[in-house]
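Visitor: Note that our numbering has the sequence shown beginning at 393, numbered continuously upward.
There's a structure below that I have some questions on.
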Amino acid sequence: MNIHAIYSRISPWFRRRRLARFQTVFQPTAQTTLLDVGGYPWCWPQEICPAQITMLNLDYPAGLPSTPGRLLVRGDGCALTFPEASFDIGFSNSVIEHVGTWENQQRFAAGIRRVGRRLWVQTPARSFFIEPHLLAPFIHWLPKSAQRPLLRWFTGWGWITKPTPAQVDAFLAEVRLLTYREMQQLFPDCRIERERFLWLFTKSYIAVRDADTR
Numbered sequence: 393m394n395i396h397a398i399y400s401r402i403s404p405w406f407r408r409r410r411l412a413r414f415q416t417v418f419q420p421t422a423q424t425t426l427l428d429v430g431g432y433p434w435c436w437p438q439e440i441c442p443a444q445i446t447m448l449n450l451d452y453p454a455g456l457p458s459t460p461g462r463l464l465v466r467g468d469g470c471a472l473t474f475p476e477a478s479f480d481i482g483f484s485n486s487v488i489e490h491v492g493t494w495e496n497q498q499r500f501a502a503g504i505r506r507v508g509r510r511l512w513v514q515t516p517a518r519s520f521f522i523e524p525h526l527l528a529p530f531i532h533w534l535p536k537s538a539q540r541p542l543l544r545w546f547t548g549w550g551w552i553t554k555p556t557p558a559q560v561d562a563f564l565a566e567v568r569l570l571t572y573r574e575m576q577q578l579f580p581d582c583r584i585e586r587e588r589f590l591w592l593f594t595k596s597y598i599a600v601r602d603a604d605t606r
């Protein structure tokens with residue numbers, strides 16, 4: 393079993409619940425335009441969300457087509473080229489933590505805030521005791537220099553993936569989890585909602601702007 397098979401068993405429940413919350417808040421129709429930065433078609437069943445969805449990614453699997461209401465675009469979430477307020481909703485799910493640096497996260501947030509009249513941006517919480525990409529507790533609270541020797545042998549990701557030292561370094565350079573305060577800094581015109589696990593622990597943060605305040 394590879395690491396993506398593990399994720400595919402764990403994440404759908406949270407994703408379905410999150411999408412139901414999104415639907416309740418935004419109530420998208422067939423006329424709603426939505427930009428999903430980092431999204432894929434299988435995240436958006438037509439029967440669940442009828443919106444006109446543009447999905448932007450650095451790359452897509454070969455042969456994956458656009459379909460009516462689901463447009464695939466290659467692009468960088470940290471350098472959006474769409475005009476200001478060109479989408480009814482700017483959306484992103486578990487992507488902003490993958491852009492590497494605080495500076496890139498600032499570019500990502502500024503771009504999606506600019507092109508979306510309303511906003512929904514979710515990311516795992518750094519305060520949650522399990523790092524969701526590593527499938528391991530507490531390690532992500534350590535300095536990266538201390539994480540480096542632990543990732544191969546003391547995380548689910550390490551046991552399953554068996555990463556090389558270069559892959560460990562690439563992971564540490566790519567993933568930067570955010571705090572509540574950092575989300576407030578990145579999305580000052582949004583409310584920051586907490587997605588709970590067992591009612592006690594904050595698993596994720598969601599920046600929500602459900603009205604166009606420009």
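Glycine included, every Cβ here is placed at the ideal spot set by N, Cα and C.
Model, not experiment: these values are computed from the prediction.
1) Does W512 come out as helix, strand or coil in the three-state DSSP assignment?
2) If you draw a straight line from the C-alpha of F612 to the C-alpha of E566, how long is it?
3) Which class does K536 belong to by DSSP, given the choice of helix, strand or coil?
4) Classify D428: buried if its beta carbon has 16 or more other beta carbons within 10 angstroms, exposed otherwise.
5) According to DSSP, simplified to helix, strand and coil, what is G482?
6) Could you give the DSSP three-state label for F593: helix, strand or coil?
7) Count the other CB atoms, across all protein chains shown, that sit within 10 Å of the CB of R568; report buried if there are 16 or more and exposed otherwise.
8) Just the Cα atoms here: how many angstroms apart are N496 and L590?
9) So the beta strand (DSSP E) R466 belongs to, where does it begin and stop?
10) Would you tell me roughly how many angstroms separate the C-alpha atoms of Q415 and C441, rounded to the nearest one?
11) Are the beta-carbon atoms of V465 and L450 separated by less than 8 Å?
12) Report yes or no: do the region 488-502 and the region 567-587 share at least 3 C-beta pairs separated by less than 8 Å?
13) My output table needs one value for L472: the three-state DSSP class, helix, strand or coil.
14) Look up R439 in the DSSP assignment and say whether it is helix, strand or coil.
15) Could you give the residue range of the alpha helix (DSSP H) that holds T553?
16) Quick check on this structure: which residue in E476, T515, L456, A412 has the alpha carbon closest to the alpha carbon of D604?
17) Start and end of the beta strand (DSSP E) containing V429?
18) Using a threshold of 8 Å, state whether the C-beta atoms of L526 and G492 are closer than that.
19) Answer with buried or exposed for T459, where buried requires no fewer than 16 other C-beta atoms within 10 angstroms of its C-beta.
Guide: Quick look at the numbers:
1) Mapped onto the sequence shown, residue 512 falls at position 120. W512 falls in the strand class under three-state DSSP.
2) In the structure as shown, the chain starts at 393 and stops at 606, and residue 612 therefore has no counterpart that could be examined.
3) Counting from 1 along the sequence shown, the entry for residue 536 is found at position 144. It is helical.
4) The residue given as residue 428 occupies position 36 in the sequence shown. D428 comes out buried.
5) Looking up residue 482 in the sequence shown gives position 90. In this structure, G482 counts as strand in the three-state DSSP scheme.
6) For this step, residue 593 is matched to residue 201 along the sequence shown. If DSSP states are grouped into helix, strand and coil, F593 belongs with the strands.
7) For this step, residue 568 is matched to residue 176 along the sequence shown. Buried is the call here.
8) Translated into positions along the sequence shown, residue 496 becomes position 104. Translated into positions along the sequence shown, residue 590 becomes position 198. For N496 and L590, the distance between alpha carbons rounds to 32 Å.
9) Counting from one through the sequence shown, the residue named residue 466 turns up at place 74. It spans 462-466 - the beta strand (DSSP E) in which R466 sits, taken as one unbroken run.
10) Locating residue 415 in the sequence shown gives position 23, where the first residue counts as 1. Locating residue 441 in the sequence shown gives position 49, where the first residue counts as 1. Rounded to whole angstroms, Q415 to C441 spans 8 Å at the Cα level.
11) The residue labelled residue 465 in the question sits at position 73 within the sequence shown. The residue labelled residue 450 in the question sits at position 58 within the sequence shown. No. Outside cutoff.
12) Touching, yes, given that three or more Cβ pairs across the two stretches are closer than 8 Å.
13) On the sequence shown, position 80 is the one that residue 472 refers to. The answer is coil: DSSP assigns L472 none of H, G, I, E or B.
14) Mapped onto the sequence shown, residue 439 falls at position 47. Strictly speaking, residue 439 in this sequence is Glu, with Arg absent from that position. E439: coil per DSSP, three-state reduction.
15) By 1-based counting over the sequence shown, the position of residue 553 is 161. 548-553 is the span of the alpha helix (DSSP H), which, as asked, contains T553.
16) Within the sequence shown, residue 604 is the residue found at index 212, counting from 1. Nearest C-alpha to D604: E476.
17) Within the sequence shown, residue 429 is the residue found at index 37, counting from 1. In the DSSP annotation of this structure, the continuous segment of the beta strand (DSSP E) that includes V429 starts and ends at 425-429.
18) Along the sequence shown, read from residue 1 onward, the residue named residue 526 stands at position 134. Along the sequence shown, read from residue 1 onward, the residue named residue 492 stands at position 100. Contact flag unset, no.
19) Stepping through the sequence shown from its first residue, residue 459 is reached at position 67. Exposed: under 16 other Cβ atoms inside 10 Å.
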